[in-house]
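Asks: Numbered per this note's numbering, the sequence shown finishes at 519, counting up by one with no gaps.
Every residue gets a Cβ at the ideal spot worked out from N, C-alpha and C, and that includes glycine.
This structure is a prediction, so every number in the text was calculated from the model and none was measured.
Structure incoming, see below.
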Amino acid sequence: MIDIKFLRENPEIVKENIRKKFQDAKLSLVDEVIALDAESRRNQQEGDDLRARRNKISKEIGALIAQGKKEEAMAKKAEVAAGAKRLAELDRMSQFLQEKISKIMLSIPNIIDPSVPIGKDDSENVEIQKYGDPVVPDFEVPYHADILNSFDGLDKESAGRTSGNGFYYLMGDAARIHSAMISYARDFMIDKGFTYCIPPFMIRSNVVNGVMSFAEMEAMMYKIENEDLYLIGTSEHSMIGKFKGEIVQKDRLPITMTSYSPCFRKEVGSHGIEERGVYRVHQFEKQEMVVLCEPEQSMEWYNKMWKYTVEFFRSLDIPVRTLECCSGDLADLKVKSCDVEAWSPRQQKYFEVGSCSTLGDAQARRLGIRTKGENGTYFVHTLNNTVLATPRGLIAFLENNVQADGSIKIPEALRMYMGGKDVIYPTQG
Numbered sequence: 091m092i093d094i095k096f097l098r099e100n101p102e103i104v105k106e107n108i109r110k111k112f113q114d115a116k117l118s119l120v121d122e123v124i125a126l127d128a129e130s131r132r133n134q135q136e137g138d139d140l141r142a143r144r145n146k147i148s149k150e151i152g153a154l155i156a157q158g159k160k161e162e163a164m165a166k167k168a169e170v171a172a173g174a175k176r177l178a179e180l181d182r183m184s185q186f187l188q189e190k191i192s193k194i195m196l197s198i199p200n201i202i203d204p205s206v207p208i209g210k211d212d213s214e215n216v217e218i219q220k221y222g223d224p225v226v227p228d229f230e231v232p233y234h235a236d237i238l239n240s241f242d243g244l245d246k247e248s249a250g251r252t253s254g255n256g257f258y259y260l261m262g263d264a265a266r267i268h269s270a271m272i273s274y275a276r277d278f279m280i281d282k283g284f285t286y287c288i289p290p291f292m293i294r295s296n297v298v299n300g301v302m303s304f305a306e307m308e309a310m311m312y313k314i315e316n317e318d319l320y321l322i323g324t325s326e327h328s329m330i331g332k333f334k335g336e337i338v339q340k341d342r343l344p345i346t347m348t349s350y351s352p353c354f355r356k357e358v359g360s361h362g363i364e365e366r367g368v369y370r371v372h373q374f375e376k377q378e379m380v381v382l383c384e385p386e387q388s389m390e391w392y393n394k395m396w397k398y399t400v401e402f403f404r405s406l407d408i409p410v411r412t413l414e415c416c417s418g419d420l421a422d423l424k425v426k427s428c429d430v431e432a433w434s435p436r437q438q439k440y441f442e443v444g445s446c447s448t449l450g451d452a453q454a455r456r457l458g459i460r461t462k463g464e465n466g467t468y469f470v471h472t473l474n475n476t477v478l479a480t481p482r483g484l485i486a487f488l489e490n491n492v493q494a495d496g497s498i499k500i501p502e503a504l505r506m507y508m509g510g511k512d513v514i515y516p517t518q519g
């Protein structure tokens, strides 16, 4: 959510930003909110004038009573009563106007960074750089579900009976690699100076509305029936919500955290849930990084954070590339975002394994997260980035470390989490 003062003073900048995001249907909202804001401020001014008048009259009433001028005092009291009735009307109108303004402001996209490429959708995202050689081995790389099955490591049939489509059991060495990757991701970020955290896996609606748009919430999140609680789609939601309503001490910034959580997503849309494999599922696990910082530090942190993800995957012998998300692919709260994609030697193309975003002060403004400087309080900036999301990261690991005989090479960085093993062998031929 952008600052309404900025919108009021720069309507054409806000409109041009909407055009850059190819959301022309929202252009009229700018003029609508400006008109409502003007009415709200007139309403507020009338209320302030009435309150000042009431305070003045109250003093006059006391003086008139002291002078024995009861009739004049009664007339003044009638004037106060009439003013009170009007104030009540103004208060009701003020609440109505503020709610309407807030609802509109939540749907107006954040101002994107000037460096963001202009494009309609993810097909127009721009490759930044490749890291590692995207090797195609001289043997056929099996589909990830077949690799997992060769280790007796995947059971979707049983999960279908217990939970339905989009769920899975990981077993044996496959489950061990999965857990090893999560543990390594945790320690990797701790070594970067981030504080480890396990957050609540459910959050209230006022936190959901603070961290994402309503449309995103409807498409992603599961609601707990008869409760004001949602299962998180990513731990970023809980981690940012942790500071809701706080004035963070300036000397605590930047706050850098890495959080583990399971994640739950409806995965609503045309892509559907994958039948055989585990690329797109309803439940997965994730190691995230979250930063709260001074506004002038946010771009510096943004560049640090996506580079950490690149470094993490390269340490597991996985080639990756980074893609700059274009304007039309940015969620409305985001200022700038890039995806980290891993190489798939089976498909001979890259696929997304992480996303890094800076949201400016949009989430902080919604949730009331501020810090205090010499000139008063102001909103902090928030950023988030995926270290590892499994099983998607597991797929990348398996495809890039499977060998011709079906065994899986364990990179050095992961061996201490795998009991010292440098290779694991399939149980099935």
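1) Confirm, please, whether the CB-CB distance from leucine 484 to isoleucine 337 is below 8 Å.
2) If you run the structure through DSSP and keep just helix, strand and coil, what is tyrosine 350?
3) Using a 10 Å radius around the Cβ and a threshold of 16 neighbouring Cβ atoms, would you call aspartate 451 buried or exposed?
4) Of the residues Gln387, Val206, Glu357 and Gln134, which one's Cα is nearest the Cα of serine 310?
5) Apart from the five residues just before and just after alanine 486, which ones in its own chain have a Cβ nearer than 6 Å to its Cβ?
6) For the stretch 305-341, which segments carrying the alpha helix (DSSP H) assignment without a break, of at least 4 residues, lie completely within its bounds, in sequence order?
7) My output table needs one value for isoleucine 267: the three-state DSSP class, helix, strand or coil.
8) Any idea which residues DSSP pairs isoleucine 498 with across the strands?
9) What residue range is occupied by the uninterrupted alpha helix (DSSP H) comprising asparagine 474?
10) Check each candidate in Leu238, Asp341, Lys246 and Asp203 and name the one with the smallest Cα separation from leucine 449.
11) Hey, how far is the Cα of asparagine 215 from the Cα of proline 207?
12) Do you know how far the Cα of tyrosine 274 is from the Cα of aspartate 263?
13) Is lysine 210 helix, strand or coil by DSSP?
14) Between the Cα of valine 526 and the Cα atoms of Gln185, Leu180 and Ser148, which residue gives the shortest distance?
15) Is it the case that the Cβ atoms of tyrosine 286 and isoleucine 280 are separated by a distance below 8 Å?
16) Tell me which same chain residues have a C-beta within less than 6 Å of the C-beta of alanine 494, skipping the five on either side of it?
17) Leaving out the 5 sequence neighbours to the left and right, which residues in its chain are closer than 8 Å to isoleucine 514 when beta-carbon positions are compared?
18) Please go through the same chain and pick out, in chain order, the residues whose beta-carbon is closer than 6 Å to the beta-carbon of arginine 456, but skip the five residues on each side of it.
19) Measuring CB atoms only, is the stretch 105-124 touching the stretch 190-203, in the sense that at least three cross pairs come out at less than 8 Å?
20) When burial is assigned at 16 or more other CB atoms within 10 Å of the CB, is asparagine 490 buried or exposed?
21) Report buried or exposed for glutamine 157, applying the criterion of at least 16 other Cβ atoms within 10 angstroms of its Cβ.
22) Among all the DSSP beta bridges, which residues are the ones paired with aspartate 245?
23) With a CB to CB cut of under 8 Å and the five nearest residues on each side skipped, what residues in its chain are close to glutamine 453?
24) Ordered along the chain, which non-local residues of its own chain (more than five positions away) have a Cβ less than 6 Å from that of valine 297?
25) Could you tell me whether the Cβ atoms of tyrosine 392 and arginine 411 are closer together than 8 Å?
26) Applying the 10 Å Cβ sphere with the 16-neighbour rule, what's the burial state of asparagine 107?
27) Can you find the residues in the same chain that come closer than 7 Å, C-beta to C-beta, to tyrosine 468, ignoring five residues on each side of it along the sequence?
28) Please classify valine 298: does DSSP put it in a helix, a strand, or coil?
29) In angstroms with no decimal places, state the Cα-to-Cα distance between isoleucine 314 and serine 295.
30) Look at the alpha carbon of glycine 243 and the alpha carbon of proline 516, and state the distance between them as a whole number of angstroms.
31) Measure the alpha-carbon distance for lysine 105 versus phenylalanine 257 and round it to whole angstroms.
32) Using 10 angstroms around the beta-carbon of glycine 510, count the other beta-carbons present and answer buried if the total reaches 16, otherwise exposed.
33) Name the one or two DSSP bridge partners that leucine 413 has.
34) In whole angstroms, what is the alpha-carbon distance linking serine 303 and lysine 111?
35) Pairs of beta-carbons, one from the stretch 137-153 and one from the stretch 167-183, closer than 8 Å: are there three or more?
36) For glutamate 169, name the three-state secondary structure that DSSP assigns.
Replies: On the basis of the supplied data:
1) no
2) strand
3) buried
4) In the sequence as presented, serine is not what sits at residue 310; that position holds methionine. Nearest of Gln387, Val206, Glu357 and Gln134 to methionine 310, Cα basis: Glu357.
5) Ile408, Ala432 and Val443
6) 325-331
7) helix
8) Val492 and Ile514
9) Careful: asparagine 474 lies outside any alpha helix (DSSP H), inside the beta strand (DSSP E) at 471-480.
10) Asp203
11) 8 Å
12) 16 Å
13) coil
14) The first residue shown for the chain is 91 and the last is 519, placing residue 526 beyond what the model contains.
15) yes
16) Phe229
17) Phe241, Asp263, Ile267, Ser497, Ile498, Ile500 and Met508
18) Met91 and Gly300
19) yes
20) buried
21) exposed
22) Tyr259
23) Gly300, Val301, Ile330, Leu423, Ile459 and Thr472
24) Gly331
25) no
26) buried
27) Arg460 and Thr461
28) helix
29) 11 Å
30) 10 Å
31) 43 Å
32) exposed
33) Glu217 and Asp429
34) 15 Å
35) yes
36) helix
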